[in-house]
Amino acid sequence: DTEVTQTPKHLVMGMTNKKSLKCEQHMGHRAMYWYKQKAKKPPELMFVYSYEKLSINESVPSRFSPECPNSSLLNLHLHALQPEDSALYLCASSPYRGQNTEAFFGQGTRLTVV
Amino acid sequence: AQKVTQAQTEISVVEKEDVTLDCVYETRDTTYYLFWYKQPPSGELVFLIRRNSFDEQNEISGRYSWNFQKSTSSFNFTITASQVVDSAVYFCALDHAGNTGKLIFGQGTTLQVKP
């Protein structure tokens, strides 16, 4: 099983809503990532978890709150988002955090903030 | 500073043509890794290849081949006999210094293969 599963695939939320994005992998990977991708742009790293601990936060606004409940799950909690936060949110995992490893990506959640 | 440049924004070819996607990178590291990912319309990034800085051998995988040249800091990707299913956005990426797992992506090249 080489899949990273993200739910939901599409999400429309208002600026006052609270929602969560979920990501799951069963490859035994110990590093998990959240990326944000705007249309016609490359992915931009948001967070990195290594062994369930947050190791990188790329100065992401606090309205995005990551959580790694266990080694297979990664959540991204959303609160009070802005329309400019509309994007494709990609989750990825890799065997470990480091150079000599490739990341496996999910299909993403297309988020629209209205 | 680390940077990846994919100068070709969009490429359009007719099926069965060969096509090369260019990637030029900048890094001060002596040890680094380069990647190519494919992003079809469905959204996920599909890993294609990882190459470390000490291995300059060209690689071939089916219709795909990669040419890594440290002298010109380039890691180009060629698709031979392109097919409609190759239509996607292709990203070249460089791992961030410090073994963080962070990828520095190029801007991507949109490849359209017409029947």
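Each protein sequence line maps, in turn, to chains A and B.
Okay, so the first sequence: first residue is -18 according to our numbering, each after it adds one.
Okay, so the second sequence: first residue is 3 according to our numbering, each after it adds one.
Where a beta carbon is used, it is the ideal one built from N, C-alpha and C, also for glycine.
Judging by CA-CA distance, which residue of the options is the nearest neighbour of residue i?
i, options, result
"F28(A)", "P47(A), K22(A), A61(A)", "P47(A)"
"M8(A)", "Q88(A), R78(A), S74(A), L92(A)", "S74(A)"
"A95(B)", "D88(B), N78(B), G64(B), Q85(B)", "N78(B)"
"L57(A)", "S67(A), F45(A), D66(A), Q6(A)", "F45(A)"
"G89(A)", "W15(A), R78(A), K34(A)", "W15(A)"
"S84(B)", "Q4(B), L23(B), V6(B), T11(B)", "L23(B)"
"K116(B)", "D88(B), L36(B), P42(B), Y35(B)", "D88(B)"
"Y39(B)", "K18(B), Y92(B), E19(B)", "Y92(B)"
"Y32(A)", "E25(A), V41(A), N51(A)", "N51(A)"
"K5(B)", "F56(B), R30(B), F49(B)", "R30(B)"
"D20(B)", "T82(B), Y35(B), S63(B)", "T82(B)"
"H98(B)", "Q8(B), F37(B), T111(B)", "F37(B)"
"V(-15)(A)", "V26(B), E46(B), T112(B), T7(B)", "E46(B)"
"P64(A)", "M(-4)(A), H(-9)(A), P23(A)", "M(-4)(A)"
Return the bridge partner residues of residue i from the DSSP annotation.
i, result
"C72(A)", "W15(A)"
"V26(B)", "T7(B), S76(B)"
"T(-12)(A)", "K3(A)"
"Q41(B)", "V91(B)"
Residues of chain B with CB closer than 8 Å to the CB of residue i, please, in chain order.
i, result
"Y53(A)", "Inspection of the sequence shows that residue 53(A) is occupied by Ser rather than by Tyr. Ordered by position in chain B, no residue passes the 8 Å Cβ test against S53(A), which lies about 18 Å from the chain."
"A12(A)", "G103"
"Q88(A)", "S44, G45, E46"
Hey, would you say the C-beta of residue i is under 7 Å away from at least one heavy atom of the ligand ZN?
i, result
"P(-11)(A)", "The model on display carries no ligand, and the ligand ZN is accordingly not part of it."
Using a Cβ cut-off of 7 Å, pull out every chain B residue sitting near residue i, in sequence order please.
i, result
"F85(A)", "F49"
Please list the partners that residue i has in chain B, where partner means a Cβ-to-Cβ separation under 9 Å.
i, result
"L69(A)", "G45"
Taking Cβ positions only, does residue i come closer than 8 Å to chain C?
i, result
"S75(A)", "Here the protein chains are A and B, and chain C is not one of them."
Since residue i meets chain A, which of its residues come closer than 9 Å, beta carbon to beta carbon?
i, result
"Q109(B)", "K21, K22, P23"
*asked:* Which complete beta strand (DSSP E) runs does the segment 35 to 65 of chain A hold, if anything under 3 residues is left out?
replied: 45 to 51, 54 to 60
*Residues within the segment 50 to 64 of chain B neighbouring chain A, beta-carbon criterion of under 8 Å*: Those would be R52, N54, in chain order.
_Members of the segment 21 to 43 of chain A that neighbour chain B once the beta carbon cut-off is set at 9 Å_ = K21, K22, P23, P24, E25, L26, V29, S31, S36, I37, E39
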